[in-house]
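Protein chains in written order, with the numbering used here: chain W, 1 to 306; chain Y, 307 to 612.
Some notes on the structure that comes next.
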Ligand SMILES: Nc1ncnc2c1ncn2[C@@H]1O[C@H](COP(=O)(O)O)[C@@H](O)[C@H]1O
Ligand SMILES: Nc1ncnc2c1ncn2[C@@H]1O[C@H](COP(=O)(O)O)[C@@H](O)[C@H]1O
Ligand SMILES: [Mg+2]
Ligand SMILES: [Mg+2]
């Protein structure tokens, strides 16, 4: 029921409940957590039956601004969710909310405490971006950027000669979400190539030379695909004729069959159903499989070192 | 101190402390929170002085697998962080951790409780992707995909005739992070165009015709830029000659001066310092300014409707 990043154009601040989010950093952690929690209320958010407005305040590193925000939250009848690394700031947020009688939740504090006790090390209390806390130009930094640049260049079947350099190869008919999925995975540091499957057109030979364990075929329900293609044809301003071949049901089914046959001929490729899944859900399924195939752990997991 | 997405290739499970992360969904929320919390221990993580390994288990929706994971965590001396929408699952995680004597933290439960009380509505208890919980093909869904596709096509100064259609335009010399930054913003639903500034080359006329409030110039410390360019020149296999012009200090300074003059001639453009900032930090700064310029709120914020 999310009505868009620019929703504030028409937010009437008096309509609906508000959630204030405060971070001394980017605010992406608190935003991510609140979005997940709001997933528990979709039954009520749908069609804005009970509308919710979120307001993100990032880079809040002094207590005066923090208190101003809490005061404003109280005026609007909002609640407050925060991530504040400095224990004094976190405590101030808690106290100010108490004072103004508004509900609040600390995302970072309780977790940091448990981690500190697990590691046997005290937390620094320094926010992201604080002096001396700047990111270093690590191998990881360069690798992530390289993954993004590789993935962009490889989009939509470009440069098939590089397919063997990809960590992950996605294959599927138009509008199965290959591009946004590739980009999502690239952000996580994987080099992704995507190859469109088009009815009657031969796939690049290199696709069959690539390690089949890293190839993922995307499949989708034909009715859902038709809906997506119609929206696409409209937004691209296709002519009526192009529109019908592209999104006509018979053609959609035939093209999915064509893709299905290719997948059947390459039984090592994993086939992933994308119907009804958000990009990040499909990405989670792919990465789970990718790591599982690579490491053949008894319990599939994605591991990292810090 | 993150050693890469494929860190598990060489994780010796006995070296370092482990954090197990469990979700009934994608696991991205718990991973995001744990990464933020680990930011509080960089003083100890650096050079793997006290190494930490994280293990993500996503899509865990039955209690048997959950208990297996907790048991394994106990064996490895790990702690557990989880997001489990079903209260029975969350309670089981807590109890199992108690039973095995391992520390644990619930990311979703406490926040969901406070939101429920704020909204006066009970949470569904249904995990993401549960039956009936599938994503709908909303305007927002299409808009985000359109933003990603727009941004890819526009990369590196391509299609300057479309600059006026972008929400955000980034301008900067090579290796100021325009591409990864554009992609990061696109994922958040913004159409981004980036325009490279190259010494002695005229910028596209359309850049000066675009709304100057949406143009962001990127600037960086010359020494840091030189380091990044050297790494780049090496990875692209530049010849010694190209390498030196591209990353030689005199040239780097001159090119940054050239960019600085263009910024000075366009005083409405915001100039953003990227030195030492992670992509998501620069993105946060840009979006804060973007929304502030658009809405001229007394308290800069990013608002959304759900
Ligand atoms: N690398 C880091 N170093 C120190 N603190 C961090 C780091 N990353 C995130 N944090 C903290 O974690 C919380 C969430 O960060 P953010 O997602 O940027 O809002 C904030 O309180 C940040 O200060
Ligand atoms: N749209 C949604 N509907 C219901 N639950 C959600 C939604 N998005 C996230 N969640 C829940 O929030 C937690 C974090 O999600 P994830 O980031 O996918 O691991 C999990 O317990 C999910 O089940
Ligand atoms: Mg595509
Ligand atoms: Mg670029």
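Think of the CB as a built atom: it goes at the ideal place given N, C-alpha and C, for glycine as much as any other residue.
Boundaries cannot be given for residue 367 of chain Y, as no alpha helix (DSSP H) includes it and DSSP labels it neither H nor E.
If the five residues before and after residue 456 of chain Y are omitted, its C-beta is found closer than 6 Å to the C-beta atoms of 497, all from its own chain and listed in chain order. At a cut-off of 9 Å between C-beta atoms, residue 192 of chain W does not count as an interface residue with respect to chain Y.
Per DSSP, the continuous beta strand (DSSP E) segment holding residue 324 of chain Y begins and ends at 323-329. A distance below 9 Å separates the beta carbons of residue 324 of chain Y and residue 382 of chain Y. The alpha-carbon of residue 394 of chain Y is positioned some 44 Å away from that of residue 604 of chain Y.
Within the region 33-52 of chain W, the residues whose Cβ lies closer than 9 Å to any Cβ of chain Y are, in chain order, 33, 34, 35, 36, 37, 38, 39, 40, 41, 42, 43, 44, 45, 46, 48, 50, 51 and 52. Residue 245 of chain W and residue 254 of chain W have their C-alpha atoms some 11 Å from each other.
Given a length threshold of 4 residues, each whole run of the alpha helix (DSSP H) inside the region 524-591 of chain Y is given here in chain order: 528-542, 546-553 and 555-571. The Cβ-Cβ distance between residue 128 of chain W and residue 345 of chain Y falls below 9 Å. Residue environment for residue 507 of chain Y: exposed (fewer than 16 other C-beta atoms within 10 angstroms of its C-beta).
No Cβ-Cβ contact shorter than 9 Å links residue 197 of chain W with residue 283 of chain W.
Comparing alpha-carbon positions, the option among W/220, W/230, W/45 and W/108 lying closest to residue 172 of chain W turns out to be W/220. Contact annotation for residue 332 of chain Y against chain W: 280, 281, 283 and 284 [CB-CB distance below 8 Å, chain order].
Using a CB distance cut-off of 9 Å, residue 537 of chain Y counts as an interface residue toward chain W.
The C-beta of residue 267 of chain W comes no closer than 9 Å to any C-beta of chain Y. With fewer than 16 other beta carbons inside 10 angstroms of its own, residue 267 of chain W counts as exposed. Counting of Cβ neighbours within 10 angstroms places residue 579 of chain Y among the exposed residues, the total staying below 16.
Secondary structure at residue 56 of chain W: strand, using DSSP grouped into helix, strand and coil.
A straight line joining the alpha-carbon of residue 65 of chain W with that of residue 82 of chain W spans about 14 Å. In the DSSP assignment, residue 168 of chain W falls within the unbroken beta strand (DSSP E) covering 168-173. Cα atoms of residue 436 of chain Y and residue 275 of chain W: separation of roughly 13 Å, rounded to the nearest angstrom. For residue 199 of chain W, no alpha helix (DSSP H) segment is defined, and its DSSP state is neither H nor E. When the Cα atoms are used, residue 587 of chain Y and residue 134 of chain W turn out to be separated by approximately 10 Å.
Residue 131 of chain W does not reach chain Y, its nearest Cβ partner there being about 10 Å away, counting only Cβ pairs nearer than 9 Å. Per DSSP, reduced to three states, the secondary structure at residue 45 of chain W is helical. DSSP places residue 423 of chain Y inside the alpha helix (DSSP H), whose first and last residues are 414-425.
Between residue 475 of chain Y and residue 540 of chain Y, the beta carbon gap of about 30 Å keeps them out of contact (Cβ cut-off 8 Å). For residue 79 of chain W, the three-state secondary structure derived from DSSP is strand.
With a contact defined as Cβ atoms closer than 8 Å, residue 279 of chain W and residue 125 of chain W miss out at about 35 Å.
At a C-beta separation below 8 Å, residue 598 of chain Y has no neighbours in chain W, since its nearest C-beta there lies roughly 11 Å away.
Within chain W, no residue has its CB atom less than 8 Å from the CB of residue 474 of chain Y, the nearest being about 11 Å off. With its beta carbon at least 9 Å from every one in chain Y, residue 240 of chain W lies outside the interface. In the DSSP assignment, residue 205 of chain W falls within the unbroken alpha helix (DSSP H) covering 205-209.
When Y/516, Y/446, Y/544 and Y/493 are compared, the shortest CA-CA separation from residue 468 of chain Y is found for Y/516. Placement of the Cβ of residue 353 of chain Y at a distance of 8 Å or more from every heavy atom of ligand 1 is found.
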